[in-house]
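Protein chains in written order, with the numbering used here: chain A, 7 to 202; chain B, 7 to 202.
Protein chains: 2
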Amino acid sequence: MGKIITDKSLSKKDKILRNAASLFRARGFTGCSMRELADSLGIEAPSLYNHIGSKGELLQHICEKVAESFTGNMKENVQQEVPVDEKLENLIRFHIRFMMEDFDALWVANHEWKHLPPLHLKTFLQQRKDYENNFTTLVKQGIEAGQLKNLDASVVTLTILSAVRGLEFWQRKSKSIPDSTIENDVIHHLLKGIMK
Amino acid sequence: MGKIITDKSLSKKDKILRNAASLFRARGFTGCSMRELADSLGIEAPSLYNHIGSKGELLQHICEKVAESFTGNMKENVQQEVPVDEKLENLIRFHIRFMMEDFDALWVANHEWKHLPPLHLKTFLQQRKDYENNFTTLVKQGIEAGQLKNLDASVVTLTILSAVRGLEFWQRKSKSIPDSTIENDVIHHLLKGIMK
DNA sequence: CGTTAAAACTAATATCTGTTAGTTTTGCAG
DNA sequence: CTGCAAAACTAACAGATATTAGTTTTAACG
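Here is the structure:
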């Protein structure tokens, strides 16, 4: 077979990671074999190990990158001096845009993290929990400031995060509905509801 | 090892299905082996085949039962003569209650259906699509009737379904927050939003 | 053209996969 | 107690799994 084909902008390891994210999303981490991944790159399975250490490492890299992006965005967010509702809007917007730009990786981080090697699983879950706690704190601030309704803050957090984490419709819809409509309607829905 | 322990209310096959749902949820369908499932029942793997036909059949049964419940509920719903917003509320409430009563099975149907044997996959996806289409039709009716805001109906549908499908917090929270609070807050959130 | 390192290959490993065949044990009905 | 079916067992299967070791090919550079 041939070598891995790359345009110069993408290192070989990055190309492997990109294909891995795509396959892990389509078939699940445990459902996708190293042979399948190698096939998708036009090489034999053992050749992968010239570039990576293990299968678990691939998942780890994918999840790490996503988690760092979200953690970083949250850190920026809490530092900004804007009203709470705007902060929430920005967080949701970040989710949606990430989903549109790097759907595979985000989907894998959201759905396949449980197969992370134990040590990385622990830190991933910690980051996730921290993120959720920050989010909940924000919601509580909004309630106390009188901008948000008096609903249970952690229920609100998990409803929003559940909604944006599960979204996957741009895959099928983004041709028929403009991205901006999706983004704005989802945000409107999650903040202001659908009832007149 | 021993025989499968059942109280009389649960047939042996049902006990297998219950454990399978639990394991498929915890470790994924492809991540869970028949030996693990057998272990959870205190028997050897080949003994399973006195009761079931194949691993895929287990997933099929789990998904089928869930899909039929939701399809049935939708059919009832469209026949009722109540306002659209009430219909939507009832649908969401059904999701949440199902989640609370049979979390494992619903989670598996929501997240592991892609590993269904091809033929059943096709019918499952058809049912799912029909369900979503019915939901979207309802939203459109609400918009035309002036009860709902003029957002894209399919975006609304997928936001709601994504939210309720991903919910899993009763697992960790239902001790600290009463079920009724979760249910009512989620419904309020998804229908009327969180902003004052 | 010759050297060299990167990156592909083949062969092989031990382990795990779902599942079968055939046999023994269990426990209830007569 | 006996007989019989249900349900467990052990042994084994062919194929897939991630990964290793060792070897050959590739391709860029002097």
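Cβ atoms here follow ideal geometry from the backbone N, Cα and C, with glycine treated the same way.
- Closest in C-alpha terms to M201(B), from the list P52(A), D185(A), K155(A), comes K155(A).
- Excluding the 5 residues flanking it on each side, G34(A) has same chain C-beta neighbours closer than 7 Å at E118, in chain order.
- Under the Cβ distance rule, L154(A) counts among the residues neighbouring chain B, one pair being separated by less than 7 Å.
- For Q132(A), the enclosing alpha helix (DSSP H) has its first and last residue at 124-150.
- DSSP, read as helix, strand or coil, puts L154(A) in strand.
- Boundaries of the alpha helix (DSSP H) around F104(A): 90-107.
- Taking the Cα of V114(B) as reference, the smallest distance to any Cα among A26(B), S182(B), L164(B) is reached at A26(B).
- The shortest C-alpha to C-alpha distance from G152(B) to any of R41(B), D91(B), C38(B) is the one to D91(B).
- Beta-carbon to beta-carbon, M106(A) and D185(A) are separated by about 6 Å, close enough to satisfy the 8 Å threshold.
- Short of 7 Å from the beta carbon of R99(A), and not among the five residues preceding or following it, lie these beta carbons of its own chain, in chain order: E189, I193.
- If you ignore the 5 residues before and after V145(A), its C-beta comes within less than 7 Å of the C-beta of L154, A159, V162, T163, all in its own chain and listed in chain order.
- Listed along chain B is no residue with a C-beta nearer than 7 Å to that of T142(A); the closest approach is about 11 Å.
- When rounded, the separation of the alpha-carbon atoms in L97(A) and M80(A) is 7 Å.
- Annotated as distal: R41(B) and D110(B), with beta-carbon spacing of 7 Å or more.
- Contact note: I49(A) does not reach chain B at a C-beta cutoff of 7 Å; the least C-beta distance is about 23 Å.
- Using a 10 angstroms sphere on the CB of L157(A), the tally of other CB atoms reaches 16 or more, which defines it as buried.
- In chain order, K155, K198, G199, I200, M201 make up the part of chain B whose C-beta sits under 9 Å from the C-beta of K198(A).
- Against A26(A), chain B offers no close residue; the least beta-carbon distance is about 16 Å (beta-carbon pairs closer than 7 Å).
- Each of K120(A), H121(A), K19(A) was checked against the Cα of N56(A), and the nearest Cα belongs to K19(A).
- Distance from the CA atom of L54(A) to the CA atom of I149(B), rounded to whole angstroms, is 53 Å.
- For N56(A), no alpha helix (DSSP H) run applies, since DSSP gives it neither H nor E.
- Across the structure, G48(A) and R24(A) are spaced so that their CA atoms are roughly 14 Å apart.
- Here R171(A) is near G172(B), since their CB atoms are less than 7 Å apart.
- Judged by DSSP secondary structure, M40(A) falls within the alpha helix (DSSP H) whose first and last residues are 40-47.
- Residue environment analysis places Q66(A) among the buried positions, since at least 16 neighbouring C-beta atoms fall within 10 angstroms of its C-beta.
- Contacts between H117(A) and chain B, judged by CB atoms closer than 9 Å, involve H117 in chain order.
- The residues V90, in chain order, have a CB closer than 7 Å to that of Q147(A) in the same chain once the five nearest residues on each side in sequence are set aside.
- Taking every protein chain shown into account, the CB of G199(A) has 16 or more other CB atoms within 10 angstroms, so this residue is buried.
- Rounded to whole angstroms, the separation of the alpha carbons of V88(A) and G37(B) is 45 Å.
- Among the residues of the stretch 35-64 of chain B, those with a Cβ less than 7 Å away from any Cβ of chain A are T36, G37, in the order of the chain.
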